[in-house]
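In what follows, a single structure is set out as C-alpha coordinates and then discussed.
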Amino acid sequence: QIIWQKAMKANGHEHAFTSHLKNHGYATNTPTVDDTGVYVFYGASGAAKYDHKGELIWQRSCGTGSNGSGSTASPLLHGDLVIVPSISESFAFHALDKSTGEIKWKAKHYIGFPSPIIINARGRDQLLVVPGIAYDPTNGSELWKIKVPSYCASPAYGDGIICIGKSEEMTGFRAGGPGITAANQVLWTAKPGTSSGTPVYYKGHFYWAVDNGGIAVCVDAKTGEIKYKQRLEPRVHRHYASPIVADGKLYYVSQFRGAHVLAASPDFKVIAYNTIEGDEGPWIASPSVSKNRLLLRSRTTLYCIEASN
(Lines of atoms letter the chains of each structure in order from A and count residues from 1; the text may use other names and numbers.)
(Lines give C-alpha, C1' and ligand atoms only; values in the text may rest on other atoms or scores of the structure.)
Protein backbone atom coordinates (compact mmCIF):
# COMPACT_ATOMS: atom_id res chain seq x y z
CA GLN A 1 0.00 0.00 0.00
CA ILE A 2 1.36 3.41 -0.96
CA ILE A 3 1.39 5.65 2.13
CA TRP A 4 2.43 8.80 0.32
CA GLN A 5 3.80 9.86 -3.03
CA LYS A 6 5.39 13.17 -3.94
CA ALA A 7 6.59 14.61 -7.23
CA MET A 8 9.07 17.41 -7.74
CA LYS A 9 9.08 19.44 -10.92
CA ALA A 10 12.35 19.25 -12.85
CA ASN A 11 14.25 22.53 -13.07
CA GLY A 12 14.96 22.30 -16.80
CA HIS A 13 18.56 21.08 -16.52
CA GLU A 14 17.98 17.32 -16.64
CA HIS A 15 20.22 15.21 -18.85
CA ALA A 16 18.84 14.25 -22.25
CA PHE A 17 17.46 10.70 -22.36
CA THR A 18 20.27 9.34 -24.53
CA SER A 19 23.46 7.30 -24.27
CA HIS A 20 23.96 5.39 -20.98
CA LEU A 21 21.01 7.17 -19.37
CA LYS A 22 18.72 4.88 -21.35
CA ASN A 23 20.17 1.92 -19.42
CA HIS A 24 19.32 3.17 -15.95
CA GLY A 25 16.84 6.07 -16.23
CA TYR A 26 16.37 9.02 -13.91
CA ALA A 27 15.68 7.03 -10.71
CA THR A 28 19.15 5.61 -10.19
CA ASN A 29 20.06 7.44 -6.96
CA THR A 30 18.95 5.40 -3.94
CA PRO A 31 17.28 7.41 -1.14
CA THR A 32 18.49 7.13 2.45
CA VAL A 33 16.47 7.44 5.64
CA ASP A 34 16.72 8.05 9.37
CA ASP A 35 14.16 8.55 12.12
CA THR A 36 13.56 12.17 11.05
CA GLY A 37 13.01 11.79 7.34
CA VAL A 38 13.81 10.57 3.83
CA TYR A 39 16.71 12.07 1.88
CA VAL A 40 16.74 11.98 -1.92
CA PHE A 41 18.95 13.28 -4.71
CA TYR A 42 17.27 14.38 -7.92
CA GLY A 43 20.48 15.07 -9.83
CA ALA A 44 20.34 18.46 -11.53
CA SER A 45 17.13 19.25 -9.65
CA GLY A 46 18.95 19.03 -6.32
CA ALA A 47 18.78 17.18 -3.02
CA ALA A 48 15.71 17.18 -0.80
CA LYS A 49 14.40 15.96 2.53
CA TYR A 50 10.86 14.77 3.26
CA ASP A 51 9.45 13.92 6.65
CA HIS A 52 7.80 10.55 7.16
CA LYS A 53 4.42 12.01 6.25
CA GLY A 54 5.73 13.08 2.86
CA GLU A 55 6.02 16.81 3.53
CA LEU A 56 8.97 18.58 1.93
CA ILE A 57 11.36 19.88 4.60
CA TRP A 58 14.03 21.42 2.37
CA GLN A 59 15.49 21.36 -1.13
CA ARG A 60 19.03 22.32 -2.12
CA SER A 61 20.68 22.71 -5.54
CA CYS A 62 23.99 20.88 -5.84
CA GLY A 63 24.81 21.99 -9.38
CA THR A 64 23.17 21.68 -12.80
CA GLY A 65 25.97 20.36 -15.02
CA SER A 66 25.75 17.35 -17.33
CA ASN A 67 28.12 14.55 -18.27
CA GLY A 68 25.80 12.84 -20.76
CA SER A 69 25.29 9.72 -18.63
CA GLY A 70 23.02 11.20 -16.00
CA SER A 71 23.26 11.16 -12.24
CA THR A 72 23.87 7.79 -10.60
CA ALA A 73 25.56 8.09 -7.20
CA SER A 74 23.49 7.98 -4.01
CA PRO A 75 23.60 10.20 -0.90
CA LEU A 76 24.58 8.86 2.50
CA LEU A 77 24.25 10.02 6.10
CA HIS A 78 27.07 10.71 8.52
CA GLY A 79 26.23 12.22 11.89
CA ASP A 80 24.32 15.45 11.29
CA LEU A 81 25.28 15.54 7.61
CA VAL A 82 23.83 14.14 4.42
CA ILE A 83 26.68 13.80 1.91
CA VAL A 84 25.58 14.28 -1.69
CA PRO A 85 27.88 12.96 -4.49
CA SER A 86 27.00 15.67 -7.00
CA ILE A 87 29.96 15.00 -9.28
CA SER A 88 27.90 14.79 -12.47
CA GLU A 89 26.31 18.13 -11.58
CA SER A 90 29.22 20.16 -10.16
CA PHE A 91 32.35 17.94 -9.90
CA ALA A 92 32.03 18.07 -6.12
CA PHE A 93 30.66 16.50 -2.98
CA HIS A 94 28.18 18.61 -1.02
CA ALA A 95 27.74 17.94 2.71
CA LEU A 96 24.39 19.34 3.83
CA ASP A 97 23.00 19.87 7.32
CA LYS A 98 20.38 17.13 7.47
CA SER A 99 17.97 19.36 9.43
CA THR A 100 18.15 22.52 7.30
CA GLY A 101 19.82 21.61 3.98
CA GLU A 102 22.53 24.22 4.61
CA ILE A 103 25.85 23.50 2.87
CA LYS A 104 28.44 22.64 5.54
CA TRP A 105 31.33 21.77 3.24
CA LYS A 106 32.10 21.19 -0.42
CA ALA A 107 34.96 19.13 -1.84
CA LYS A 108 36.02 18.95 -5.48
CA HIS A 109 35.99 15.48 -7.06
CA TYR A 110 35.99 14.39 -10.69
CA ILE A 111 34.85 10.75 -10.92
CA GLY A 112 31.08 10.72 -10.79
CA PHE A 113 29.51 7.30 -11.32
CA PRO A 114 30.00 5.26 -8.11
CA SER A 115 28.34 5.92 -4.77
CA PRO A 116 30.75 6.66 -1.88
CA ILE A 117 30.86 4.63 1.32
CA ILE A 118 31.84 5.42 4.91
CA ILE A 119 34.44 3.16 6.51
CA ASN A 120 36.08 3.22 9.91
CA ALA A 121 39.78 2.49 9.48
CA ARG A 122 42.90 3.34 11.42
CA GLY A 123 40.88 4.90 14.20
CA ARG A 124 38.76 7.31 12.17
CA ASP A 125 35.75 7.53 9.87
CA GLN A 126 36.66 7.96 6.22
CA LEU A 127 34.57 8.86 3.17
CA LEU A 128 35.87 6.42 0.57
CA VAL A 129 35.29 7.15 -3.12
CA VAL A 130 36.45 5.87 -6.49
CA PRO A 131 39.23 5.94 -7.72
CA GLY A 132 40.85 5.34 -4.33
CA ILE A 133 40.52 8.63 -2.45
CA ALA A 134 39.46 9.13 1.15
CA TYR A 135 38.04 12.34 2.61
CA ASP A 136 37.32 13.38 6.18
CA PRO A 137 33.49 13.17 6.24
CA THR A 138 33.26 15.92 8.86
CA ASN A 139 34.96 18.65 6.80
CA GLY A 140 35.74 17.35 3.30
CA SER A 141 39.54 17.48 3.62
CA GLU A 142 41.50 14.84 1.70
CA LEU A 143 43.04 12.17 3.93
CA TRP A 144 44.90 10.04 1.40
CA LYS A 145 44.73 8.67 -2.14
CA ILE A 146 46.10 5.81 -4.16
CA LYS A 147 46.22 5.26 -7.90
CA VAL A 148 44.38 2.06 -8.78
CA PRO A 149 42.38 1.09 -11.88
CA SER A 150 38.70 1.72 -11.29
CA TYR A 151 35.59 2.68 -13.19
CA CYS A 152 31.93 2.49 -12.18
CA ALA A 153 31.53 0.16 -9.21
CA SER A 154 31.59 1.48 -5.66
CA PRO A 155 34.38 0.25 -3.38
CA ALA A 156 33.85 -2.61 -0.93
CA TYR A 157 35.47 -2.81 2.50
CA GLY A 158 36.11 -5.48 5.11
CA ASP A 159 38.73 -6.51 7.64
CA GLY A 160 40.85 -3.42 6.91
CA ILE A 161 40.98 -4.20 3.17
CA ILE A 162 39.45 -2.15 0.34
CA CYS A 163 38.42 -3.87 -2.90
CA ILE A 164 38.00 -1.69 -5.96
CA GLY A 165 38.46 -2.11 -9.69
CA LYS A 166 37.01 -2.47 -13.17
CA SER A 167 36.05 -5.20 -15.64
CA GLU A 168 39.61 -6.34 -16.31
CA GLU A 169 40.78 -6.67 -12.70
CA MET A 170 40.15 -5.89 -9.05
CA THR A 171 42.67 -4.42 -6.62
CA GLY A 172 42.89 -5.05 -2.89
CA PHE A 173 44.71 -2.57 -0.65
CA ARG A 174 44.86 -1.43 2.94
CA ALA A 175 42.96 1.66 4.00
CA GLY A 176 45.32 4.62 4.29
CA GLY A 177 45.96 6.88 7.21
CA PRO A 178 48.32 9.55 8.56
CA GLY A 179 51.93 8.89 7.57
CA ILE A 180 51.09 5.97 5.29
CA THR A 181 52.14 6.26 1.67
CA ALA A 182 50.11 4.90 -1.21
CA ALA A 183 53.06 2.86 -2.51
CA ASN A 184 52.91 0.21 0.21
CA GLN A 185 49.15 -0.22 0.39
CA VAL A 186 48.41 -2.45 -2.61
CA LEU A 187 48.15 -6.11 -1.55
CA TRP A 188 46.83 -7.96 -4.58
CA THR A 189 45.10 -7.91 -7.94
CA ALA A 190 42.60 -10.48 -9.21
CA LYS A 191 41.12 -11.11 -12.65
CA PRO A 192 38.51 -10.75 -14.03
CA GLY A 193 36.79 -7.89 -12.23
CA THR A 194 33.58 -5.91 -12.32
CA SER A 195 32.74 -2.33 -13.26
CA SER A 196 28.99 -2.39 -12.63
CA GLY A 197 28.07 -4.34 -9.50
CA THR A 198 29.91 -3.55 -6.28
CA PRO A 199 31.69 -6.52 -4.65
CA VAL A 200 30.39 -7.70 -1.29
CA TYR A 201 32.51 -8.66 1.74
CA TYR A 202 31.58 -11.57 3.99
CA LYS A 203 33.67 -13.45 6.58
CA GLY A 204 37.11 -12.83 5.13
CA HIS A 205 36.23 -12.94 1.43
CA PHE A 206 35.14 -10.63 -1.37
CA TYR A 207 32.51 -11.84 -3.85
CA TRP A 208 31.46 -10.39 -7.19
CA ALA A 209 29.97 -11.29 -10.56
CA VAL A 210 31.84 -10.42 -13.75
CA ASP A 211 29.91 -7.83 -15.78
CA ASN A 212 29.41 -9.99 -18.86
CA GLY A 213 29.36 -13.77 -19.07
CA GLY A 214 27.75 -14.75 -15.77
CA ILE A 215 30.93 -15.69 -13.87
CA ALA A 216 30.97 -15.62 -10.06
CA VAL A 217 34.26 -14.91 -8.30
CA CYS A 218 35.41 -15.35 -4.70
CA VAL A 219 38.79 -14.16 -3.39
CA ASP A 220 40.51 -14.17 -0.01
CA ALA A 221 40.28 -10.57 1.23
CA LYS A 222 43.80 -10.45 2.67
CA THR A 223 45.75 -12.31 -0.02
CA GLY A 224 43.66 -12.02 -3.18
CA GLU A 225 43.85 -15.78 -3.69
CA ILE A 226 41.04 -16.83 -6.01
CA LYS A 227 38.93 -19.41 -4.16
CA TYR A 228 36.70 -19.97 -7.17
CA LYS A 229 35.90 -18.52 -10.56
CA GLN A 230 32.85 -20.36 -11.86
CA ARG A 231 30.30 -19.77 -14.60
CA LEU A 232 26.72 -19.69 -13.34
CA GLU A 233 24.22 -22.08 -14.85
CA PRO A 234 21.76 -21.51 -16.43
CA ARG A 235 23.90 -18.98 -18.22
CA VAL A 236 23.12 -15.28 -18.04
CA HIS A 237 24.48 -12.46 -20.17
CA ARG A 238 25.06 -9.59 -17.75
CA HIS A 239 25.01 -8.61 -14.08
CA TYR A 240 24.27 -4.92 -13.62
CA ALA A 241 23.08 -5.03 -10.00
CA SER A 242 25.34 -5.54 -6.98
CA PRO A 243 25.23 -8.84 -5.08
CA ILE A 244 24.09 -8.95 -1.46
CA VAL A 245 24.58 -11.37 1.43
CA ALA A 246 21.63 -12.41 3.61
CA ASP A 247 21.17 -15.41 5.90
CA GLY A 248 24.52 -16.84 4.81
CA LYS A 249 23.56 -16.72 1.14
CA LEU A 250 24.70 -14.71 -1.87
CA TYR A 251 22.10 -13.25 -4.22
CA TYR A 252 23.13 -12.45 -7.80
CA VAL A 253 20.37 -10.78 -9.86
CA SER A 254 21.08 -10.80 -13.60
CA GLN A 255 19.86 -8.14 -16.00
CA PHE A 256 17.47 -10.35 -18.00
CA ARG A 257 17.58 -14.00 -16.89
CA GLY A 258 16.74 -14.45 -13.23
CA ALA A 259 18.72 -14.69 -10.00
CA HIS A 260 21.19 -17.22 -8.64
CA VAL A 261 21.45 -17.96 -4.92
CA LEU A 262 24.86 -19.21 -3.77
CA ALA A 263 26.29 -20.26 -0.45
CA ALA A 264 28.27 -17.35 1.01
CA SER A 265 31.32 -19.55 1.30
CA PRO A 266 34.69 -19.95 -0.44
CA ASP A 267 33.37 -23.32 -1.63
CA PHE A 268 31.29 -22.79 -4.77
CA LYS A 269 27.73 -24.03 -4.30
CA VAL A 270 24.59 -22.95 -6.16
CA ILE A 271 21.58 -23.28 -3.87
CA ALA A 272 18.84 -22.07 -6.20
CA TYR A 273 18.03 -20.34 -9.47
CA ASN A 274 14.82 -18.29 -9.67
CA THR A 275 12.88 -16.26 -12.19
CA ILE A 276 9.69 -14.24 -11.94
CA GLU A 277 7.33 -15.36 -14.67
CA GLY A 278 6.18 -12.61 -16.99
CA ASP A 279 8.82 -10.04 -16.00
CA GLU A 280 11.83 -10.07 -18.31
CA GLY A 281 13.25 -6.86 -16.86
CA PRO A 282 15.65 -5.36 -17.26
CA TRP A 283 16.70 -5.90 -13.64
CA ILE A 284 19.37 -3.30 -12.89
CA ALA A 285 18.57 -2.29 -9.30
CA SER A 286 20.43 -4.04 -6.49
CA PRO A 287 18.22 -6.14 -4.19
CA SER A 288 17.64 -5.28 -0.54
CA VAL A 289 16.60 -7.14 2.60
CA SER A 290 14.30 -6.07 5.43
CA LYS A 291 14.20 -8.63 8.24
CA ASN A 292 13.18 -11.86 6.46
CA ARG A 293 11.87 -10.18 3.31
CA LEU A 294 13.72 -9.85 0.02
CA LEU A 295 12.94 -6.71 -1.99
CA LEU A 296 13.52 -6.79 -5.75
CA ARG A 297 12.87 -4.15 -8.36
CA SER A 298 12.61 -4.55 -12.13
CA ARG A 299 12.14 -1.60 -14.45
CA THR A 300 8.37 -1.74 -13.95
CA THR A 301 7.62 -3.55 -10.67
CA LEU A 302 8.65 -3.79 -7.01
CA TYR A 303 8.46 -7.27 -5.48
CA CYS A 304 8.53 -8.41 -1.86
CA ILE A 305 9.39 -12.09 -1.33
CA GLU A 306 8.95 -13.80 2.02
CA ALA A 307 9.24 -17.39 3.15
CA SER A 308 5.85 -19.02 3.70
CA ASN A 309 6.85 -20.17 7.19
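Position one of the sequence shown corresponds to residue 1 (the working numbering), numbered consecutively onward. Cβ atoms here follow ideal geometry from the backbone N, Cα and C, with glycine treated the same way.
- Counting along the chain, residue 288 sits inside no alpha helix (DSSP H); it lies in the beta strand (DSSP E) bounded by residues 288-290.
- Counting the other CB atoms within 10 Å of its CB gives residue 16 a total below 16, which places it among the exposed residues.
- Counting the other CB atoms within 10 Å of its CB gives residue 290 a total below 16, which places it among the exposed residues.
- Boundaries of the beta strand (DSSP E) around residue 86: 81-86.
- With fewer than 16 neighbouring CB atoms inside 10 Å of its own CB, residue 305 falls in the exposed class.
- The distance from the Cβ of residue 192 to that of residue 153 is about 13 Å, inconsistent with a contact at the 8 Å cut-off.
- Rounded to the nearest whole angstrom, the C-alpha separation of residue 95 and residue 308 is 43 Å.
- Note: residue 62 is not bridge-paired with any residue in the DSSP secondary-structure output.
- In this chain, residue 108 is not harboured by any alpha helix (DSSP H); it is covered by the beta strand (DSSP E) spanning 103-108.
- Of the candidates 173, 295, 268, the residue whose Cα lies closest to the Cα of residue 186 is 173.
- Take the alpha-carbon of residue 143 and the one of residue 126: they are about 8 Å apart.
- Under the three-state reduction of DSSP, residue 139 is assigned to coil, being neither helix nor strand.
- In the three-state reduction of the DSSP assignment, residue 94 falls in the strand class, which pools E and B.
- Remark: C-beta atoms of residue 49 and residue 63 do not approach each other more closely than 7 Å.
- In the three-state scheme derived from DSSP, where H, G and I count as helix and E and B as strand, residue 22 is classed as helix.
- Ranked by how close their Cα comes to the Cα of residue 56, the residues 4, 22, 72 have 4 in first place.
- When 137, 86, 27 are compared, the shortest CA-CA separation from residue 121 is found for 137.
- Here residue 166 is buried: its Cβ has 16 or more other Cβ atoms, across all protein chains shown, within 10 Å.
- Around residue 281, the same chain offers 255, 256, 298, 299 as residues with beta carbons nearer than 8 Å, after the five sequence neighbours per side are excluded.
- The Cβ neighbour count for residue 292, taken over all protein chains shown within 10 Å, is under 16; the residue is labelled exposed.
- In this structure residue 54 is not in contact with residue 93, their Cβ atoms being roughly 27 Å apart against a cut-off of 8 Å.
- In the assembly as shown, residue 237 is an exposed residue. Its beta-carbon has fewer than 16 other beta-carbons within 10 Å.
- For residue 126, the enclosing beta strand (DSSP E) covers residues 124-129.
- Counting other Cβ atoms within 10 Å of its Cβ, residue 170 reaches 16 or more and is therefore classed as buried.
- As the crow flies, the alpha-carbon of residue 109 is around 19 Å from that of residue 162.
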